[in-house]
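One structure is given below, encoded as structure tokens.
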Amino acid sequence: MKKMLVVISAALLAACGGGGGDSDDVGASNSATGATPGSNPQGASQNTGDTAASAMPANEFLASEYAEGLGEILVSRIALERAQSDSVRQFAQLMVDHHTQANNEITSLAQSRGVTLATEPSSEYQSRADALRQLSGNEFDRAYMTHNVSVHNTEVSQYRAMLAASMQAGAGATSGDGTGATGTGASGAGTSGTGATGTGTTGTGATGTDATGTGTTGTGATGTGATGTGATGTGATGTGATGAGATGAGAAPGATGPGVTGTGATGTGATGAGSTGAGAAPGATGPAVTGTGAGTGATGTGATGTGATGTGATGTGAAPGATGTGATGTDTTGNGAAGIGTIDTELAVYIAKMKAILSQHLGMAKEVNGEINPSAWLVNAYQDGLAEVQLSQIALQRAQNGAVTQYAQMMIDEHTRANNDISQVAQAKGVSLPSDVTAEQRAAAEELSRLSGADFDKAYMNHNVIVHALDVRQTEVQASGGTDPDVRALAARTLPHLRTHLQEATSLYQSLPTNLLLGAYADGLGEILLSTLAVQRAVDTEVKQFAQMMITDHTRANTTVAQLAAARGIALPHEPSAETALAFMAAARLTGNAFDRAYMESNVAVHEKDVALFTDRASNEPDPELRAFAAQTLPVLQTHLQEATALRDRVGAQGGDGAGGGDGSGTGATGAGDGSGASGTGGSGDTGTGAGGTGTGTTGTGADGSGASSGSGTPDAGGSGAPATTATSAAAHVH
């Protein structure tokens, strides 16, 4: 188990609007950088001066995130009472649901670690809530959404920092620079011979295999042969060689010194066995004392690796060979990972999951803010363009597929031109635009930069589907209902290009081969993302139970995938698959039976894709261990598919929200779309044939779609069919 912790920590932690406001509001300055709501209600949607977050100790991180959750719940409940826009209220409800669930999970994590959590929101959030209570109408909506874009950008950046720091610590330990260097205690010189033993309290790399420190035996007057303390630095193997203490030579019986076994967080080493000292009388074997990791001559206590044992030389004095016990310098932060070494599997899984959820929150917050504030749309569009250009420049260097390289060049050319157009309009309106991407966007590019070749190609196109779906959703609403004529006209000119970007990204993404580990991990992450929402929102008891099973089973599967990836040096991007991300965008706007039908429809789609992938890999995967993994996992996925299909058919048969809707099991046609339907920004595709009819919806991922499905059909007999919510179905191309 401890070996698995190291591998999981390394792999799991290795691992992108609308009308609103009066036209004169567009000219408002948008230089907000996390200001108190109300102080700049018409400002920018982005914190343009943000910097990358720093990692923090795990316990501090839990306490901080819990307090943040309390604050988000507080201000979002105010939004449920005061918001004017339906989109803002929907977002606020999502915040209450998700942060309540997140805080429940943090409570469990904190209890097992002895972490004290806050009982009420911070004073900063209390002040923010007081300021929001003074606002109303569109002014309130803008202030609340501006806050959410800013805070979620910071939150996602924080989670990425935790992931990156943990991965860096693990990589450092393997190469020798990630260990918390243990201080070396000089031999104590005196009558008691208490030399200082180095204690490396946390210097642990997540996957590092530190060499066993050897506490050398002191040579006292009686020459006791103290066993060298082979404090087992356990890393990936969890086994440390026992230090062998040389027998002291003296006139008196040589008592064997204590062999102190350091307990690294991921394994325990065998107790050092001391040879009997050679003297006039038979030498008694000394006791083997198990160290605690922070004690003398013990392994540094890092939760995901082991720090090198301090080599405390034995004091040389009149007392028999006593091992030095004086304190040495302690490296409490390992290699700068700020206590990340204390992350265990349970916390690692939580961080990976919440990063995906918070990224979706950020995308939705930007979308809603763009809907209600034209100046926010200008900022969002411009900064997204900057991010696309920077990421595509990386793609020109790392992509393997020629079509992917061509797509990247198109992104650079067209987003550069689009940003020039945005700059002209923004300057005329007095809107200040950011000069750089957000910390979150920068971290996303760094994450993709760890990949190369075919793996980079797939991940880059996956990312482009997601971000362009969000761009299309924001721009469609602004183009059709924006209150400022100049911004509305700009959005209308931009929209066809974004639709083309999305359509080509979707087609290219579907055509690229899927690596077994990366594909399984991305789908699993997306399934956990969707199911976390379903546990809160589903109304059908069996749907809730299915959602919980998905969280449990896919968490377990992703843990295994992470182990396999780490063993092969494969980086896993922490972004859900495009299919599941788009399904989440659509489902997040739904409630009641419509949500249940949408959730189960997406489960059928993603499990059909996974069954095809694993069926192929179970026979054709060249790596025997991965082939065995595919064969062992396939029956579980087939069971998931069968249960999902049965549940989809049952909740679909219950009809829509109207009476008399018989067997209305809407199906979303997979593919790029033809541009004829609505954008799907809020549509659940609930219209369909009643009385046994089938509502069909085109997946909104094509030229005009953005993730939500648009239903079509002829209402009949009063009922409404199930929504067509199938997201883009990737072709089962594998390698």
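Read left to right, the sequence shown gives residues 1229 to 1963 (my numbering).
From the three backbone atoms N, C-alpha and C, an ideal C-beta is built for every residue, glycine too.
Buried versus exposed, by CB contacts within 10 Å (16 or more), residue 1304: Classification of residue 1304: buried, given that the 10 Å Cβ count is 16 or more.
Looking only at its own chain, which residues have a Cβ that is under 8 angstroms from the Cβ of residue 1862, when we skip the five neighbours before and after it? The residues are 1839, 1842, 1843, 1846.
Which residues does DSSP list as the beta-bridge partners of residue 1633? For residue 1633, which the question treats as bridged, DSSP gives no partner whatsoever.
Is it right to say residue 1591 is buried, meaning 16 or more other beta carbons lie within 10 angstroms of its own, or is it exposed? Classification for residue 1591: buried.
Quick one: is residue 1496 buried, meaning 16 or more other Cβ sit within 10 Å of its Cβ, or exposed? Confidence is the limiting factor: at residue 1496 the pLDDT is only 37, short of 50, which leaves the residue's position unreliable and the question unanswerable from this model.
Going straight from the alpha carbon of residue 1848 to that of residue 1727, what length do you get? One alpha carbon belongs to residue 1848, the other to residue 1727, and they sit about 36 angstroms apart.
Would you tell me roughly how many angstroms separate the C-alpha atoms of residue 1380 and residue 1882, rounded to the nearest one? Those two C-alpha atoms are separated by around 37 angstroms.
Look up residue 1742 in the DSSP assignment and say whether it is helix, strand or coil. Collapsing the DSSP output to three states places residue 1742 in a strand.
So the candidates are 1835, 1335, 1653, 1798; which of them puts its Cα closest to the Cα of residue 1602? It is 1653.
Meets three-Cβ-pair contact criterion under 8 angstroms: the stretch 1569-1588 and the stretch 1353-1366: No, they do not touch.
So, are the CB atoms of residue 1295 and residue 1353 less than 9 angstroms apart? For residue 1295 and residue 1353, yes; Cβs fall inside 9 angstroms.
Buried or exposed: which applies to residue 1742, given that a residue is buried once 16 or more other Cβ atoms fall within 10 Å of its Cβ? Counting Cβ neighbours within 10 Å, residue 1742 comes out buried, since at least 16 surround it.
Since residue 1610 and residue 1648 are thought to touch, with beta carbons under 8 angstroms apart, how far apart are those beta carbons, to the nearest angstrom? That pair is no contact at about 10 angstroms.
When DSSP labels each residue in this structure, what does residue 1816 get in the three-state scheme? In this structure, residue 1816 counts as coil in the three-state DSSP scheme.
Let's test the definition: count the other Cβ atoms within 10 Å of the Cβ of residue 1438 and tell me whether it reaches 16, buried, or not, exposed. Note that residue 1438 scores a pLDDT of 36, beneath 50, so its modelled location is shaky; the value from the coordinates is reported in the next line. So residue 1438 counts as buried.
Residue environment, residue 1804, which counts as buried when at least 16 other CB atoms sit within 10 Å: Classification for residue 1804: buried.
Under the three-state reduction of DSSP, which class applies to residue 1614: helix, strand or coil? Helix.
Under DSSP, the alpha helix (DSSP H) around residue 1849 begins and ends at which residues? Neither: residue 1849 is in no alpha helix (DSSP H) and is coded neither H nor E.
If you measure from the CB of residue 1853, is any heavy atom of the ligand ADP nearer than 8 angstroms? For the ligand ADP, the structure offers nothing, since it holds no ligand at all.
Quick one: what's got a C-beta closer than 6 angstroms to residue 1331's C-beta in the same chain, skipping five residues either side? Residues of the same chain with a CB within less than 6 angstroms of the CB of residue 1331, apart from the 5 flanking positions on each side, are 1294, 1297 in chain order.
State buried or exposed for residue 1832, treating a residue as buried only when at least 16 other CB atoms are found within 10 Å of its CB. Per the 10 Å Cβ criterion, buried.
Classify residue 1374: buried if its beta carbon has 16 or more other beta carbons within 10 angstroms, exposed otherwise. Result: buried.
Is residue 1802 helix, strand or coil by DSSP? Reduced to three states, the DSSP call for residue 1802 is coil.
Need the endpoints of the alpha helix (DSSP H) that residue 1299 sits in, please. Taken as a continuous stretch (DSSP letters only), the alpha helix (DSSP H) holding residue 1299 covers 1286-1310.
Between residue 1783 and residue 1826, what straight-line distance do the alpha-carbon atoms span, to the nearest angstrom? For residue 1783 and residue 1826, the distance between alpha carbons rounds to 22 angstroms.
If contact is defined by three or more beta carbon pairs under 8 angstroms, each pair taking one atom from either stretch, is the stretch 1691-1705 in contact with the stretch 1806-1815? Under the 8 angstroms Cβ criterion, the stretch 1806-1815 counts as touching the stretch 1691-1705, having at least three qualifying pairs.
With distances taken from CA atoms, which of 1872, 1683, 1672, 1337 is nearest residue 1387? Considering only alpha carbons, the answer is 1672.
In whole angstroms, what is the alpha-carbon distance linking residue 1785 and residue 1661? The C-alpha of residue 1661 is placed about 43 angstroms away from the C-alpha of residue 1785.
Run of the alpha helix (DSSP H) containing residue 1766, from where it starts to where it stops: Counting along the chain, residue 1766 falls outside any alpha helix (DSSP H), and DSSP gives it neither H nor E.
Does the stretch 1670-1690 come close enough to the stretch 1699-1711 that 3 or more CB-CB pairs lie under 8 angstroms? Segments in contact, no.
Under the three-state DSSP convention, the category residue 1863 falls into: Reduced to three states, the DSSP call for residue 1863 is helix.
Specify the secondary structure class of residue 1683 as computed by DSSP and reduced to three states. Of the three classes helix, strand and coil, the one that applies to residue 1683 here is helix, per DSSP.
Run through DSSP, which three-state label would residue 1882 get? Note: residue 1882 maps to coil in three-state DSSP.
Is the number of C-beta pairs between the stretch 1749-1760 and the stretch 1711-1724 that are closer than 8 angstroms three or more? Three or more beta-carbon pairs separated by less than 8 angstroms are not found between the stretch 1749-1760 and the stretch 1711-1724, which leaves the two stretches without contact.
Select from 1616, 1796, 1389 the residue whose C-alpha is nearest the C-alpha of residue 1689. For the residues 1616, 1796, 1389, the minimum Cα distance to residue 1689 belongs to 1616.
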